[in-house]
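Under the working numbering, think of the first position of the sequence shown as 6, with each following residue one higher.
The block underneath contains the structure these notes are about, expressed in structure tokens.
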Amino acid sequence: MDFKLNRSFGREIVLFSVILLFVEFVRGAFVISFLPIYGGKTLGLSLDVIGVAITAHYLTDTALKIMIGWLLDRISARTIVHLGLLVSLLGVFLIAYADVPWLFITASALYGVGMSPIWIVCLTKVTEANRATQMGYLYTIWFIGMGAGPIVCNLLLDTSPVFTYRLLVGLSLFAWLLSLFISNRRERDVDTIPLREQFAILKSKLRQMRLLLPGMILQTMGAGMLVPILPSFAEKQLGINPSQYSLILMAGGLFTIAGLMPMGRLSDRIGGKKWFLIGGFGMFAVGLGLLAMHPSLWEAVMLAALLGISYAALLPAWNALLASYVPPQQQGLGWGIFSTVEGIGVMIGPIVGGVIGTFYSQTDVVRLSAVLFGLIALLYLLFPFRPVSDD
């Protein structure tokens, strides 16, 4: 990262990035690998129960986003992030004792509490100049953690589930301790207008971006459907072991990480976000469709690379587009509401994926997800949209 980018973020971005890295590492390991594998193989839970647990995680994460965003405009980020990560630490700790479904689901729900604050804080630190480039940086940090977590977790679960659990607890504790060093300094002035008026402003923004709302929900729903079934799909449908599954995840993650910053810069330079979104969602649909045809290991690795490039193309452009609808002086509340809209799909997806995977097949889940991403690409192709200026 060059000095100019570091300066534009402010000094605290380094600390926030480190916390984000550890939080997302644990989250990726916990949600994508530990819950499905531990819940299925160790506890003997069905895919629909695992899907409900994952949805419970995203439900608490999403339900708190608006409140946390509103609070971030009023009290210190350190207090909110510190308390949130403490509750998440409790959720990770409880999972070792979750030998009944309700406790398994409760532990997962508690873990979701601490996820919202750190990400929304990072979003409010992003400056207006070169926003897509900076979002590419943040997503690089996010994806390194989110991608490395399940890879490491898969490898460790093969040898020692107990050590894997202790590692997740230890890293959660470390992230919580790091949050003590967050400054109380506020970098942006916030309008002290009544909450009702702030919601009126954001309601106007939502009305202006109504063509984007279906895509916001469908894209997170399509991705969420895959979470509870992917490990089982890889093992039973593709015939690969956990180590090979880690190789596929690694290919997708590396190509995403390698592409995020260049795609962000290219999006800033060209100026048009639309075609990055259409191309990214379209390639994602094609990749998932081919994955549902039960490819060989190396074909699956190449498809994972294609999915990674697709993801890298759409993420910075998508968030730069959303940023044009966030009122500058209600950053916390604005990002909280938009994240909540996206979270609707995240909550629905795992339940839908788990139920379809249980009563039909994991392959059907992958096919349906591919159809959803294809529909999103078509939606953005047929219904043009333009960022709006502040009222």
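All C-beta atoms, glycine included, are put in the ideal place defined by N, C-alpha and C.
Checklist entry - Among Met221, Leu77, Ser113, Ile245, which one has its Cα closest to the Cα of Val351? => result Met221
Checklist entry - Using a Cβ-Cβ cut-off of 7 Å (strictly less than) and excluding sequence neighbours within five positions of Leu387, which residues of its own chain qualify? => result none
Next on the checklist: Considering only their Cβ atoms, is the gap separating Phe21 from Ile123 smaller than 8 Å?
Outcome noted: yes
Checklist entry - Of the residues Gly285, Met268, Gln242, Thr60, which one's Cα is nearest the Cα of Leu115? => result Thr60
Checklist entry - Using CA coordinates, which residue listed in Ile24, His299, Arg270, Met307 is at the minimum distance from Met255? => result Met307
Checklist entry - With C-beta atoms as the reference, is His299 less than 8 Å away from Leu384? => result no
Item to check | Backbone secondary structure at Lys278 - three-state DSSP | outcome: coil
Item to check | DSSP three-state assignment for Met266, whether helix, strand or coil | outcome: helix
Item to check | Segment contact, 8 Å Cβ cut-off, at least three pairs: the region 257-267 with the region 310-324 | outcome: yes
Checklist entry - In chain order, which continuous runs of the beta strand (DSSP E) of length 3 or greater are located wholly inside the region 215-271? => result none
Checklist entry - For Ser188, which of Thr368, Val19, Arg372, Leu380 has the nearest alpha-carbon? => result Val19
Item to check | Rounded straight-line distance, which links the Cα of Gly358 to that of Gly45 | outcome: 15 Å
Item to check | Nearest-angstrom Cβ-Cβ length linking Ser121 and Asp66, presumed shorter than 8 Å | outcome: 5 Å
Next on the checklist: Does His87 come out as helix, strand or coil in the three-state DSSP assignment?
Outcome noted: helix
Checklist entry - Would DSSP call Leu162 helix, strand or coil? => result helix
Checklist entry - Is the beta carbon of Ser184 sitting closer than 8 Å to the one on Val97? => result no
Item to check | Minimum C-alpha distance to Leu327 - residue among Gly119, Pro355, Lys279 | outcome: Lys279
Checklist entry - Leu108: which of Val291, Gly152, Leu48 sits nearest, CA to CA? => result Leu48
Next on the checklist: My assumption, with CB atoms under 8 Å, is that Gly313 sits in contact with Gly379. Please give the rounded CB distance.
Outcome noted: 18 Å between Cβ atoms; not a contact.
Next on the checklist: Taking the alpha-carbon of Leu91 as reference, which of Leu172, Phe179, Gln249, Gly154 has the nearest alpha-carbon?
Outcome noted: Phe179
Next on the checklist: To the nearest angstrom, how far is the alpha carbon of Leu283 from that of Leu95?
Outcome noted: In the sequence as displayed, the identity of residue 283 is Ile instead of Leu. Approximately 40 Å between the Cα atoms of the pair.
Item to check | Euclidean distance between Cα positions of Thr164 and Ala228 | outcome: 29 Å
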